[in-house]
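Numbering (the working numbering), first residue to last: 8 to 337.
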């Protein structure tokens with residue numbers, strides 16, 4: 008009996024030690040959770056695989072643990088129950104603690120959030136477990152979500168997980184493809200291919216290709232017949248010949264003479280204008296001198312006409328020297 012009692016006491020002592028050890032581990036781990044800074048995030052997707060105690064990592068480095076997981080509708084119930092139908096109250100709230108010693112003494116999550124710090128659910132291998140991954144993204148692409156309640160702690164905005172983003176992209180693609188009328192598209196493509204084939208085979212395109220081939224063949228024949236090296240040599244000899252150089256020399260001389268003549272043109276024009284002005288002046292003076300002479304000639308002509316009429320009517324006037332005096336009545 009005494010042996011059985013000793014064994015019983017020993018067993019109870021070992022069991023009590025195990026319980027105390029478990030309690031110490033729990034207390035120490037709880038203190039480790041409570042020693043960090045608490046944050047929370049809201050997720051619009053499933054957090055399957057995430058549980059209390061799941062790790063929180065920043066670019067693969069463990070910096071904290073998940074402390075609580077719940078529904079927004081229970082944590083922050085709206086004042087009006089009708090608002091529960093809004094999608095924002097269908098989200099999951101996840102709280103986690105971060106050890107500041109893992110981030111350095113100057114860790115500032117509020118400033119980091121403004122620069123794009125976000126959290127997302129990431130799978131942990133193929134085990135089905137998940138963890139929270141913190142990383143920086145473009146804040147314009149993933150802006151901070153405004154919420155109609157007052158969060159208990161600082162909120163780190165969330166972004167969809169990679170799997171969710173792939174699923175959303177596939178869903179969007181399928182949705183867009185569902186609106187495509189494949190039957191009409193296939194018919195249109197078939198019609199276009201048939202038309203193109205007909206044009207290439209018997210249509211205008213076929214004729215154009217045939218004409219182009221004929222033109223290329225004719226061009227090839229003409230090029231083959233042409234003695235291009237001899238023609239090039241003849242042109243070079245002509246350019247280097249004495250006759251060509253003589254012509255170029257004469258052209259230079261002619262150009263120089265033409266330039267001199269062009270330079271003398273203003274002076275010649277000035278002299279011509281002066282000569283014309285002198286001629287105009289001389290003509291004016293001659294006109295002034297000729298007018299009296301012409302008048303005298305006109306007067307003399309009139310006198311001659313009068314004398315001629317007088318001689319014709321009275322020839323004896325030459326002998327008498329004048330007309331007979333008029334007879335007075337007695």
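All C-beta atoms in this analysis are idealised placements derived from N, C-alpha and C, irrespective of residue type, glycine included.
Per DSSP, residue 129 is one residue of the beta strand (DSSP E) stretching across 124–130. By the Cβ neighbour-count rule, residue 64 is buried, with 16 or more other Cβ atoms within 10 Å of its own. The beta-carbon distance between residue 77 and residue 105, rounded to whole angstroms, is 19 Å. This is too long to meet the 8 Å contact definition. Secondary structure at residue 62: strand, using DSSP grouped into helix, strand and coil.
The Cβ atoms of residue 160 and residue 47 sit closer than 8 Å to each other. Nearest to residue 145 by C-alpha distance, out of 122, 132 and 290, is 122. Going by DSSP, residue 137 is part of no alpha helix (DSSP H) but of the beta strand (DSSP E) stretching over 137–143. Closest in C-alpha terms to residue 140, from the list 287, 200, 89 and 54, comes 54. Taking each of 173, 170, 169 and 150 in turn and checking the Cα distance to residue 162, the smallest one comes out for 150. Under the three-state reduction of DSSP, residue 133 is assigned to coil, being neither helix nor strand. If you compare the alpha carbons of 69, 56, 192 and 182 with that of residue 133, the shortest gap goes to 56. Taking the Cα positions, residue 227 is about 10 Å away from residue 221. For residue 79, the enclosing alpha helix (DSSP H) stretches over residues 79–82. Residue 125 is classed as buried because its beta carbon has at least 16 other beta carbons within 10 Å across all chains shown. Residue 137 counts as buried, since no fewer than 16 other beta carbons sit within 10 angstroms of its beta carbon. Taken in chain order, no unbroken stretch of beta strand (DSSP E) lies wholly in the region 244–293 with a span of 3 residues or more. Here residue 72 carries a strand assignment [DSSP, helix/strand/coil]. The beta carbon of residue 135 lies closer than 7 Å to those of 56 in the same chain, with the five residues before and after it left out. If you check the CB distance, residue 72 and residue 50 do not come in under 8 Å. Residue range 116–121 is occupied by the alpha helix (DSSP H) that includes residue 117.
Nearest in C-alpha terms to residue 147, of all of 131, 156, 164 and 283, is 164.
Within a 10 Å sphere around the beta-carbon of residue 242 sit fewer than 16 other beta-carbons, which makes this residue exposed. Residue 161 is bridged by DSSP to 46.
Under the criterion of beta carbons closer than 8 Å, residue 70 and residue 109 qualify as touching, at roughly 4 Å. Here residue 182 has no same chain residue with a Cβ atom under 6 Å from its own Cβ, once five neighbours each way along the sequence are excluded.
When 248, 79, 237 and 207 are compared, the shortest CA-CA separation from residue 155 is found for 79.
Non-local C-beta neighbours of residue 43 in its own chain, meaning closer than 6 Å and more than five positions away in sequence, comprise 71, 104, 105 and 106, ordered along the chain.
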